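For the sequence shown, the working numbering assigns the number 224 to the initial residue and increments by one for each residue that follows. Quick reminder that beta carbons are idealized off the backbone N, C-alpha and C, glycines included. Just so we're clear, the structure is a prediction, and the values are computed from it rather than from any experiment.
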Amino acid sequence: SEMGQGTLTGLAQMVAEELEADWTKVTTEYPTPGQSVARKRPWGNFSTGGSRGIRESNEYVRKGGALARMMLVQAAANAWSVPASECSAANSVITHKPSGRTTTYGKVAEAAAKLTPPAEVTLKDPKEWKIIGKSVKRLDTMTKVTGAQVYGFDLKLPGMLNAAIKDCPVFGGKVKSFEADKVKGMPGVKHVVQVGDSAVAVVAETWWEAKKALDALPITWDEGPNAKVSSATIADMLKEGLGADQAFVRTQVGDVKGAIAGAAKKVEAVYAYPFLNHAPMEPMNATAKFTADKCEVWVPTQNGEAAFAATLAASGLPADKCEVYKIMVIGGGFGRRGAFHDYVTQAVLIAKQIPGTPVKMLWSREEDMTHGRYHPVMQAKMTGGLDASGNLVGLHMRLSGQSILSAVFPQNLQDGRDNATFQGLDPSGDFTLGYTVPNLLIDHAMRNTHVPPGFWRGVNINQNAIFLECFMDELASAAGQDALEFRRKLMAKHPKHLAVLNAVADRAGWGKPAPQGVHRGLAHMMAFGSYVAACAEVSVTGGDKVKVRRIVCATDPGHAVNPAQIERQIAGSFVYGLSAVFMEECTVKNGAIEQTNFTTYDSMKIAQMPKVESIIMPSGGFWGGVGEPTICVAAPAVLNAMARATGKRIRTFPLKNHGITMV
Numbered sequence: 224s225e226m227g228q229g230t231l232t233g234l235a236q237m238v239a240e241e242l243e244a245d246w247t248k249v250t251t252e253y254p255t256p257g258q259s260v261a262r263k264r265p266w267g268n269f270s271t272g273g274s275r276g277i278r279e280s281n282e283y284v285r286k287g288g289a290l291a292r293m294m295l296v297q298a299a300a301n302a303w304s305v306p307a308s309e310c311s312a313a314n315s316v317i318t319h320k321p322s323g324r325t326t327t328y329g330k331v332a333e334a335a336a337k338l339t340p341p342a343e344v345t346l347k348d349p350k351e352w353k354i355i356g357k358s359v360k361r362l363d364t365m366t367k368v369t370g371a372q373v374y375g376f377d378l379k380l381p382g383m384l385n386a387a388i389k390d391c392p393v394f395g396g397k398v399k400s401f402e403a404d405k406v407k408g409m410p411g412v413k414h415v416v417q418v419g420d421s422a423v424a425v426v427a428e429t430w431w432e433a434k435k436a437l438d439a440l441p442i443t444w445d446e447g448p449n450a451k452v453s454s455a456t457i458a459d460m461l462k463e464g465l466g467a468d469q470a471f472v473r474t475q476v477g478d479v480k481g482a483i484a485g486a487a488k489k490v491e492a493v494y495a496y497p498f499l500n501h502a503p504m505e506p507m508n509a510t511a512k513f514t515a516d517k518c519e520v521w522v523p524t525q526n527g528e529a530a531f532a533a534t535l536a537a538s539g540l541p542a543d544k545c546e547v548y549k550i551m552v553i554g555g556g557f558g559r560r561g562a563f564h565d566y567v568t569q570a571v572l573i574a575k576q577i578p579g580t581p582v583k584m585l586w587s588r589e590e591d592m593t594h595g596r597y598h599p600v601m602q603a604k605m606t607g608g609l610d611a612s613g614n615l616v617g618l619h620m621r622l623s624g625q626s627i628l629s630a631v632f633p634q635n636l637q638d639g640r641d642n643a644t645f646q647g648l649d650p651s652g653d654f655t656l657g658y659t660v661p662n663l664l665i666d667h668a669m670r671n672t673h674v675p676p677g678f679w680r681g682v683n684i685n686q687n688a689i690f691l692e693c694f695m696d697e698l699a700s701a702a703g704q705d706a707l708e709f710r711r712k713l714m715a716k717h718p719k720h721l722a723v724l725n726a727v728a729d730r731a732g733w734g735k736p737a738p739q740g741v742h743r744g745l746a747h748m749m750a751f752g753s754y755v756a757a758c759a760e761v762s763v764t765g766g767d768k769v770k771v772r773r774i775v776c777a778t779d780p781g782h783a784v785n786p787a788q789i790e791r792q793i794a795g796s797f798v799y800g801l802s803a804v805f806m807e808e809c810t811v812k813n814g815a816i817e818q819t820n821f822t823t824y825d826s827m828k829i830a831q832m833p834k835v836e837s838i839i840m841p842s843g844g845f846w847g848g849v850g851e852p853t854i855c856v857a858a859p860a861v862l863n864a865m866a867r868a869t870g871k872r873i874r875t876f877p878l879k880n881h882g883i884t885m886v
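Have a look at this one:
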């Protein structure tokens, strides 16, 4: 799916590279999820999330391009009765080198499609790439800037009605009763229906008519026991987990307890990170049409197969009688439209009650804010031990909070443990911890609440980077050492981590005098297969007004398909990450989310955006992510710079709760 991250352009670049296509003629087209399933999923995981678009699809799309090129060349060779080895392809043109004859891909495409694909294919060496690695223009930009792009909530079908929906404010609650007769006479209203156990929808000629009637509809809710839950009770539950005897262990090296007990200096800190909403510009929506033998759904989704599965379940029809038309360009997703298709289920359940009529269901902003799948709430107790020379001899990182997998994919738990909770802290893999500590314990006291967690851009690296990288600065301060040098001593066995950290330090001028009133902070991480680091420069006036002036960021994603787009993704991720740490949180009162719109859930403005300098340093040999990795280093780098500026360390977020504003 294309959500502004440029994935479709990047994938097209890889196909075009091996296809030897004329880039000026390249467009993209996707099969429907139903077609993918019917063809036994030749594209594998048909979803966009986890920064997997390019890092997990690169091989098969390049092979697809190479195979197509070989078949096109063979078709031309057959037509000319010459060996394929005498032919070459470039810019969508095939040339017979000895005779100089040429033909185009289009002229031989039909014949090529009848050939058997070669059993083996050799991909280009990266040194031969001409399109991959080039900052080409995005393929989806023109239709967006001209207004021609049709988003999910723009969709219009003949005879279509519009639905507005309201779910129980408390997760787990149900509809007790509603008085449909009170609104059936309002302008445009056609139907008032219950949707599942927990929601009510009004269907009308226009969405605004449906929304006005829904606002006037008397509904009585059975909120259930979750109505007693608040942010305070959740925080108390997590606090208890910080000291609990039982926890899921991810990493255990040496004797942490003994090392810290025998240390010359013990350092402790407790951090807390809140619920966060995805808040995409395009609220959740789906259009459904149901008949006895067919169910069709048009939906902006990050995961077409999950939307297809939701359609099957809600419609009760078999796969060959259902189809999902995936609207490829989405007005923001950030993970909300990936694993969760409650809105698809709702649209189908509404359409089933009005058979034969297409119904477009659109959530209001208030519905979107209060019925999300939130970034998990988490606390961390950090305990470190330093020897007499200031060396880190022991580190215990206790996490306490929600598990996303237990709520979404419980089958992926490992003996009850949610390994995704430890992103950025793993002993190996795509989220490897970049430090070697002789005595180390990282564990998680799982404490789940009724507020449903979800995959929010960057997922658990967001809070883990803050917990770890801010505490590393605290340890360096306690040891009386420079923050960069303190880290370097722990990173000798992690050269790629160290390379990006050194790159930002060098570019930013770490160790050299900063401009008057400007303070610097560092952070680094490995996330989604890429190595990332940042150095932030901030100034603070009056003790509470923070100006983030500059952030230097480095990333090693292995290969850089479209460098210009990587730069945009870095800047975009910083907007998301800094908005969260400065001003965003979702709080719970009487079991419900309190924030209902952007008036209470704010984000950065253009004037607050810092200067971003990107260092793209692909080292080759692997494929890392781009859209999510860098989000995690902006916040801790800024927080570390703020601590140097003010002498105060803030450990609970967002910063607005401490009277701090971003200017």
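How is the alpha helix (DSSP H) around residue i delimited, first residue to last?
| i | result |
| --- | --- |
| Glu333 | 328-336 |
| Gln602 | No alpha helix (DSSP H) contains Gln602, which is instead part of the beta strand (DSSP E) from 601-609. |
| Asp438 | 430-439 |
| Cys855 | 854-869 |
| Glu836 | Element bounds for Glu836: not the alpha helix (DSSP H) but the beta strand (DSSP E), 834-839. |
Please tell me whether residue i and residue j are closer than 8 angstroms, where the distance is taken between their beta carbons.
| i | j | result |
| --- | --- | --- |
| Ala313 | Ala307 | no |
| Gly229 | Gln831 | no |
| Met237 | Ala424 | no |
| Lys549 | Gly527 | yes |
| Gln525 | Ser270 | yes |
| Ala387 | Trp444 | no |
| Phe751 | Asp638 | no |
| Leu724 | Arg710 | yes |
| Ala757 | Val804 | no |
| His501 | Ala530 | no |
| Ala570 | Val520 | yes |
| Gly276 | Ala783 | no |
| Cys809 | Phe498 | yes |
In or out: residue i buried (at least 16 other Cβ within 10 Å) or exposed?
| i | result |
| --- | --- |
| Lys716 | exposed |
| Ala433 | buried |
| Gln625 | buried |
| Pro633 | exposed |
| Gly169 | An answer regarding residue 169 cannot be provided, because it is not within the stretch 224 to 886 covered by the chain. |
| Ser762 | buried |
| Ala611 | exposed |
| Pro780 | buried |
| Leu605 | The sequence shown places Met at residue 605, rather than the Leu named in the question. With 16 or more Cβ atoms within 10 Å of its Cβ, Met605 is classed as buried. |
| Gly681 | buried |
| Lys828 | exposed |
| Gln686 | buried |
Between the options, which lies nearest to residue i when the distance is taken from Cα to Cα?
| i | options | result |
| --- | --- | --- |
| Pro833 | Arg872, Thr819, Thr875, Val775 | Val775 |
| His619 | Ser612, Leu461, Gly607 | Gly607 |
| Ile816 | Met865, Ile457, Ala777 | Ile457 |
| Thr474 | Ile665, Gly396, Gln576, Leu465 | Ile665 |
| Ala614 | Ser700, Arg670, Ala492 | The question names Ala, but residue 614 is Asn in the sequence shown. Of the listed residues, the one whose Cα sits closest to Asn614 is Ser700. |
| Leu437 | Ser274, Glu402, Leu465 | Glu402 |
| Cys545 | Arg292, Ser259, Thr853 | Ser259 |
| Tyr566 | Thr510, Ala746, Val406, Ala542 | Thr510 |
| Thr514 | Met827, Gly257, Lys575, Met507 | Lys575 |
| Ala603 | Gly227, Arg874, Leu234, Thr247 | Arg874 |
| Lys413 | His881, Asn385, Arg588 | Asn385 |
| Gly257 | Trp679, Trp266, Ser274, Met507 | Trp266 |
Using a Cβ-Cβ distance under 8 angstroms, would residue i count as near chain C?
| i | result |
| --- | --- |
| Tyr283 | The displayed structure is made up of one protein chain only, and chain C is not part of it. |
Residue range of the beta strand (DSSP E) that residue i falls in?
| i | result |
| --- | --- |
| Asn508 | 508-514 |
| Leu378 | No beta strand (DSSP E) contains Leu378, which DSSP labels as neither H nor E. |
| Ser753 | 753-764 |
| Leu664 | 663-669 |
| Met294 | First-last for Met294: 281-303, but that is the alpha helix (DSSP H), not the beta strand (DSSP E). |
| Arg773 | 768-779 |
| Ala424 | 422-427 |
| Met592 | That residue, Met592, is in no beta strand (DSSP E); its alpha helix (DSSP H) goes 588-593. |
How close, in whole Å, do the beta carbons of residue i and residue j come, if the pair is a contact with beta carbons under 8 angstroms?
| i | j | result |
| --- | --- | --- |
| Gln297 | Leu362 | The Cβ separation is near 28 angstroms, so there is no contact. |
| Ile442 | Glu505 | At roughly 26 angstroms, the Cβ-Cβ gap does not stay under 8 angstroms, so Ile442 and Glu505 are not in contact. |
| Leu862 | Ile689 | 7 angstroms |
| Ala857 | Phe797 | 4 angstroms |
| Glu836 | Arg773 | 7 angstroms |
| Ala759 | Leu609 | Contact doesn't hold; Cβ gap of about 25 angstroms is too wide. |
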